[in-house]
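Which chain is which? The protein sequence lines are A and B, in order. Counting from 35, one number per residue, gives the positions in the first sequence under our numbering. Counting from 746, one number per residue, gives the positions in the second sequence under our numbering. Where a beta carbon is used, it is the ideal one built from N, C-alpha and C, also for glycine. Only a predicted model underlies this, so the values are computations on that prediction, with no experimental measurement involved. Note sheet for the following structure.
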Amino acid sequence: MNAPARPRVRLATTSLAGCFGCHMSLLDIDERLFALLDRVEFDRTPLTDIKACGPCDIGLVEGGASNAENVEVLREFRRQCRILIALGACAVNGGLPAQRNHLDLEDCLTQVYLTGPGMQNGRIPDDPELPLVLDKVYPLHEIVRVDYFIPGCPPSADAIWAFLTQLLAGQEPVLGHGLIAYD
Amino acid sequence: MTDTFLLDDQTVPFTPGQTVMQAALAAGHHIPHLCYHPEFHPHGSCKLCTVKVNGRNATGCTVPAQTGLKVENDIEELRTLRQALVQMLFAEGNHFCPSCEISGNCQLQALGYDLGVMSAGFRHFFPRRPVDASHPDILLDFNRCILCELCVRASREVDGKDVFAFSGRGIHKHLIVNAATGRLADTQATAGDKAMHVCPVGAILHKRVGFAVPIGERRYDKTPISAQALAFAPRPAVGEGGEA
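This is the structure:
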């Protein structure tokens with residue numbers, strides 16, 4: 035008789051102010067994806083195209099929070115995920131998008147949409163459907179409680195794999211030399 | 746009989762006049778540090794080298810080695826303290842490793858890796874600190890300065906030029922250069938100065954050589970900083986252009 039199937043862990047992922055590089059790195063675990071799929075089932079993630087996050091065990095969030103929609107999605111993940119993981123440099127400390135943080139937001143928008151080259155008839159986008167841009171790009175832990183951080187731009191596939199397998203095995207994840215990277 | 750003290754229950758020999766840091770490094774034991782440099786007098790400001798000496802916290806780079814001392818270094822309590830110090834340095838400046846050409850050779854980054862610092866921990870300041878690219882051979886990126894004062898000391902003690910100094914106090918403390926214009930190009934600084942070769946982070950960069958050694962093949966990419974203690978063992982000052 036077959037042993038009862040081990041219940042699978044529910045995993046959600048999203049990219050906020052990120053470049054999807056961390057998701058590409060997740061896919062870079064290559065054939066280990068099959069082993070991962072034995073243990074997890076995906077909820078909201080770009081891989082399933084599910085739009086709203088249900089109750090999950092683990093949430094992986096790439097990117098920092100640059101606009102109001104990012105904050106809304108982040109709070110949804112925090113609400114629904116037992117364990118929330120900041121994945122990659124942007125989620126951990128704002129990363130590349132946060133390089134605008136020492137600039138004035140209005141100056142940024144003016145230069146990009148009004149005074150930049152070829153912007154003679156420009157206009158700062160103000161459609162009500164567009165999420166409002168925040169004054170700064172915020173690392174995730176400055177908005178919600180974050181349980182774990184995986185730094186790196188992006189974290190390597192090996193780092194993501196090592197982290198997730200330890201976590202799924204019920205261990206406190208530790209990344210040693212060569213797996214922990216800030217660049 | 747050789748003078749010795751105990752470092753994490755291991756016997757470390759020393760010669761009179763050495764600090765705990767100097768003796769430990771010479772014996773191959775790493776004590777994390779940022780403002781210590783093997784060719785300079787100790788500064789004791791970064792506090793990364795905080796150890797327990799006979800049960801009391803002290804900076805390992807300034808405590809003289811003495812026979813019979815019991816020094817604790819690699820313990821959880823100090824590891825937690827050092828992690829917080831590294832996190833504060835990251836939060837206080839703008840340390841964006843993915844765009845930094847010193848990445849892989851940076852002592853701050855290497856210590857972060859070695860101590861297992863996975864998160865920023867604190868709210869980031871995101872301070873506004875314009876770079877100074879005025880000099881033909883040197884780029885000053887104040888975003889990454891951790892105030893170790895090594896360039897100040899090197900310029901004063903080795904180069905005899907006093908190119909660098911600190912201004913302001915507390916959170917306003919910052920690195921300045923010795924020119925009325927505030928521009929490095931208007932100082933006596935040259936690329937061969939000792940001061941241009943001691944920065945432990947990416948605040949003082951040499952132009953046009955940033956990626957001569959590719960990312961992934963750099964000093965701390967291959968070996969963790971804690972396994973490179975002997976490279977930081979005390980040595981005589983080598984004058985111009987020595988390795989950091």
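Distance cutoff 8 angstroms, beta carbons only. Does residue i sit that close to anything in chain A?
i	result
C842 (chain B)	yes
M941 (chain B)	no
A991 (chain B)	Residue 991 (chain B) is absent from the model: chain B starts at 746 and stops at 989.
A865 (chain B)	yes
P969 (chain B)	yes
Name the chain A residues that come within less than 8 angstroms of residue i, Cβ to Cβ?
i	result
I960 (chain B)	D217
G861 (chain B)	V208, L209, I214
P945 (chain B)	Residues of chain A passing the Cβ test: none, with the nearest at roughly 15 angstroms.
Could you tell me which residues DSSP puts in a beta bridge with residue i?
i	result
Y182 (chain A)	A:I119
C896 (chain B)	Answer is none; C896 (chain B) lacks a bridge partner.
Q755 (chain B)	B:L752
A46 (chain A)	A:G93
Going along the chain, which residues of its own chain have a beta-carbon closer than 6 angstroms to the beta-carbon of residue i, five neighbours each way excluded?
i	result
G955 (chain B)	E846
V946 (chain B)	C851, L853, R889, I891
H211 (chain A)	none
G986 (chain B)	Confidence in G986 (chain B) is poor, its pLDDT being 47 and thus under 50, which makes the residue's placement unreliable; the coordinate value appears in the next sentence. G937, H942, listed in sequence order.
Output, in chain order, the set of chain A residues within a Cβ distance shorter than 7 angstroms of residue i.
i	result
H869 (chain B)	N127, G128, P173
G1028 (chain B)	In this structure chain B extends from 746 to 989, so residue 1028 (chain B) is not present and cannot be described.
S848 (chain B)	D217
Q854 (chain B)	Y216
Does residue i come within less than 8 angstroms of chain B when only Cβ atoms are used?
i	result
Q114 (chain A)	no
A176 (chain A)	The question names Ala, yet the displayed sequence has Glu at residue 176 (chain A). Yes, because at least one Cβ of chain B sits closer than 8 angstroms to the Cβ of E176 (chain A).
Q133 (chain A)	yes
F111 (chain A)	no
F183 (chain A)	yes
Within a Cβ cutoff of 8 angstroms, which residues of the same chain sit near residue i, ignoring the five residues on either side of it in sequence?
i	result
G773 (chain B)	A974, L975
What residues from chain B crowd round residue i, counting only those whose CB sits closer than 8 angstroms?
i	result
H136 (chain A)	N839, F871, P872, R873, R874
C187 (chain A)	C842, P843
K170 (chain A)	F871
What in chain B is Cβ-close to residue i, meaning under 7 angstroms?
i	result
Q205 (chain A)	Chain B residues near Q205 (chain A): none, gap ~14 angstroms exceeds 7 angstroms.
F226 (chain A)	Nothing can be reported for residue 226 (chain A): it is not among the residues displayed for chain A, which extend from 35 to 217.
For residue i versus residue j, is the C-beta spacing smaller than 8 angstroms?
i	j	result
V146 (chain A)	A99 (chain A)	no
I949 (chain B)	L856 (chain B)	no
F16 (chain A)	M863 (chain B)	Here chain A comprises residues numbered 35 to 217, so residue 16 (chain A) is not present and cannot be evaluated.
P843 (chain B)	D192 (chain A)	no
F870 (chain B)	A836 (chain B)	yes
H57 (chain A)	P872 (chain B)	no
V897 (chain B)	D886 (chain B)	no
V178 (chain A)	R109 (chain A)	yes
D819 (chain B)	D754 (chain B)	no
R963 (chain B)	G849 (chain B)	yes
H775 (chain B)	C791 (chain B)	no
S912 (chain B)	A940 (chain B)	no
Run through chain C and tell me which residues come within less than 9 angstroms of residue i, C-beta to C-beta.
i	result
A123 (chain A)	Given the protein chain composition of this structure (A and B), no chain C is represented.
Beta-carbon within less than 7 angstroms of residue i's beta-carbon, same chain only, minus the 5 sequence neighbours each way: which residues are those?
i	result
S153 (chain A)	Looking at the sequence itself, residue 153 (chain A) is Met, so the reference to Ser does not match. Counting only Cβ-Cβ distances below 7 angstroms, and skipping sequence neighbours, we find Y147.
T807 (chain B)	T764, P787, G789
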